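Structure, as structure tokens:
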DNA sequence: CTCTAATTTCAGTTAAAACAGAAAATTAAG
DNA sequence: CTTAATTTTCTGTTTTAACTGAAATTAGAG
């Protein structure tokens, strides 16, 4: 399992970036490797390509599967597991965003609602502080609602919106 | 420096979330504390409120300043430094996004361009792999351009766009 | 210029996460 | 049912980042 220079560069960079995105290097590297691979790979092939322990691959793949980024497949007459990543970049993006929404935005929203309510009854808390909490809650609520609005919009529409970014903002600002 | 229950909850949660966003707990807690504080705080007050080492506050604040999230201010006849966070949630959001763009998106874009070019000359690399790299590059480029389009749009316009999310997507999809 | 308050730097410690390798468990084939 | 292949779980080690406390530095007051 010899990775070409370009593929190697990609995988290494992705691993590095992964550490800044809440996951660890190996998980991100495996995802990158599977994304670039023209066909599904076995765990032992991943071990070979990335020089990591078999056990590490096992737990990392479990994590990727739990995110919905990687699927298991099989080959007739071969009982070993094969894995492949989502291949569509937009789909990948959607899944990652959805995960982050679940794991970060939702808990934060819950916390802010509790804080916003609780702080109102705190007589000694400055009114500015109360307002700041309300503002943050409002912001996160707005972001959350906006996400719900667009999360199921087809990719073709999303790309159109992005290409027309400038024009849309001009239209709306009038 | 006694934090009210609601403020305490907010600060602790923010610290927890910070660890998932590339920064460490203390940095995020200090930002949260300053955001909620009706007036600028001194380092010793932060030490007191969060029970962390003075040196830790010093380095954390330096990090927050480097991001542009926190400013130093002074009080007449007092040579100690005071600190305050950006107070506007949208401004906070903009600054954070801009930072992440610089530190994550830009390097990734550079890597992808190099890979996309380099992989073309690799005769043994599967054409599917080449296409995957191209697709990822295209995606990141589109996202990057879209960001440039909207980063300077005034907050009022952005909120309008977010509130009208559904209507806009319907409009564009036609 | 000297002394003191305040901040920063630095070295060592602690804590947390990632990882490897061995052991255990699972699964299919004979 | 037994065996061999494969995967998962678990424990201990390594690595990395965060944090503390002491020492060094900076900057203002007298």
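Residue numbers (my numbering), protein chains in the order written: chain A, 1 to 174; chain B, 175 to 348.
In this text, a Cβ means the ideal position worked out from N, Cα and C, and glycines have one as well.
On a predicted model such as this, the values are computed, not experimentally measured, just so you know.
{"Asked": "Between the C-alpha atoms of residue 54 (chain A) and residue 299 (chain B), what's the straight-line distance to the nearest angstrom?", "Found": "26 Å"}
{"Asked": "Identify every residue that forms a DSSP beta bridge with residue 258 (chain B).", "Found": "B:245"}
{"Asked": "Label residue 178 (chain A) either buried or exposed according to how many other C-beta atoms from any shown protein chain fall within 10 Å of its C-beta, with 16 as the threshold for buried.", "Found": "Shown here, chain A extends from 1 to 174; a query on residue 178 (chain A) therefore has no answer."}
{"Asked": "Considering only DSSP beta bridges, list what residue 78 (chain A) is partnered with.", "Found": "A:75"}
{"Asked": "Establish whether the CB of residue 263 (chain A) and some CB of chain B are separated by less than 8 Å.", "Found": "Only positions 1 to 174 of chain A appear in this structure, which leaves residue 263 (chain A) out of reach."}
{"Asked": "Over the uninterrupted alpha helix (DSSP H) stretch that includes residue 178 (chain A), give me the two end residues.", "Found": "Because chain A here runs from 1 to 174, residue 178 (chain A) falls outside it and cannot be looked at."}
{"Asked": "Anything in the stretch 85-101 of chain A with a Cβ closer than 9 Å to a Cβ of chain B? List those residues in chain order, please.", "Found": "87, 88, 89, 90, 92, 93, 100"}
{"Asked": "Run down chain B in chain order and give the residues with a C-beta less than 7 Å from the C-beta of residue 1 (chain A).", "Found": "Result: empty, since nearest Cβ-Cβ is about 13 Å, beyond 7 Å."}
{"Asked": "Compute the Euclidean distance between the alpha carbons of residue 178 (chain A) and residue 181 (chain B), then round it to the nearest angstrom.", "Found": "No information on residue 178 (chain A) is available, as it lies outside the stretch 1 to 174 that chain A covers here."}
{"Asked": "Please look up how many angstroms separate the CB atoms of residue 209 (chain B) and residue 178 (chain B), rounded, as I've assumed it's under 8 Å.", "Found": "Wrong, their Cβ atoms sit about 15 Å apart, outside the cutoff."}
{"Asked": "In whole angstroms, give me the CA-to-CA distance for residue 24 (chain A) and residue 16 (chain A).", "Found": "8 Å"}
{"Asked": "Between the C-alpha atoms of residue 47 (chain A) and residue 174 (chain A), what's the straight-line distance to the nearest angstrom?", "Found": "56 Å"}
{"Asked": "For chain B, is any of its Cβ atoms less than 8 Å away from the one on residue 77 (chain A)?", "Found": "no"}
{"Asked": "Once DSSP output is grouped into helix, strand and coil, what is the label at residue 297 (chain B)?", "Found": "coil"}
{"Asked": "If contact is defined by three or more beta carbon pairs under 8 Å, each pair taking one atom from either stretch, is the stretch 153-168 of chain A in contact with the stretch 307-318 of chain B?", "Found": "yes"}
{"Asked": "Locate the alpha helix (DSSP H) running through residue 336 (chain B), then write down its first and last residues.", "Found": "329-337"}
{"Asked": "Could you list which residues in chain A have their beta carbon closer than 8 Å to that of residue 293 (chain B), in chain order?", "Found": "4, 6, 7"}
{"Asked": "Spatial neighbours of residue 200 (chain B) within its chain, please: CB distance less than 8 Å, with the 5 preceding and 5 following residues excluded, ordered by chain position.", "Found": "189, 224, 226, 230, 231, 234"}
{"Asked": "Can you tell me where the alpha helix (DSSP H) with residue 214 (chain B) in it begins and where it stops?", "Found": "Premise fails: residue 214 (chain B) is in no alpha helix (DSSP H) and is neither H nor E."}
{"Asked": "When you compare each of B:309, B:280, B:342 to residue 13 (chain A) by their alpha carbons, which one comes out closest?", "Found": "B:280"}
{"Asked": "Which class does residue 178 (chain B) belong to by DSSP, given the choice of helix, strand or coil?", "Found": "coil"}
{"Asked": "On the three-state DSSP scale, how would you describe residue 198 (chain B)?", "Found": "coil"}
{"Asked": "For residue 132 (chain A), would you say it is in contact with chain B, using Cβ-to-Cβ distances shorter than 8 Å as the test?", "Found": "yes"}
{"Asked": "Taking the alpha carbon of residue 166 (chain A) as the point to measure from, which residue in B:324, B:185, B:344, B:196 has its own alpha carbon closest?", "Found": "B:324"}
{"Asked": "Determine the direct distance from the alpha carbon of residue 153 (chain A) to that of residue 283 (chain B), and round the result to whole angstroms.", "Found": "25 Å"}
{"Asked": "Measure the C-alpha to C-alpha separation of residue 192 (chain B) and residue 147 (chain A) and round it to an integer number of angstroms.", "Found": "21 Å"}
{"Asked": "Identify the contact partners of residue 346 (chain B) in chain A, using a Cβ-Cβ distance below 8 Å as the criterion.", "Found": "157, 160, 161, 164, 168"}
{"Asked": "When the Cα atoms are used, what is the spatial distance from residue 305 (chain B) to residue 293 (chain B)?", "Found": "10 Å"}
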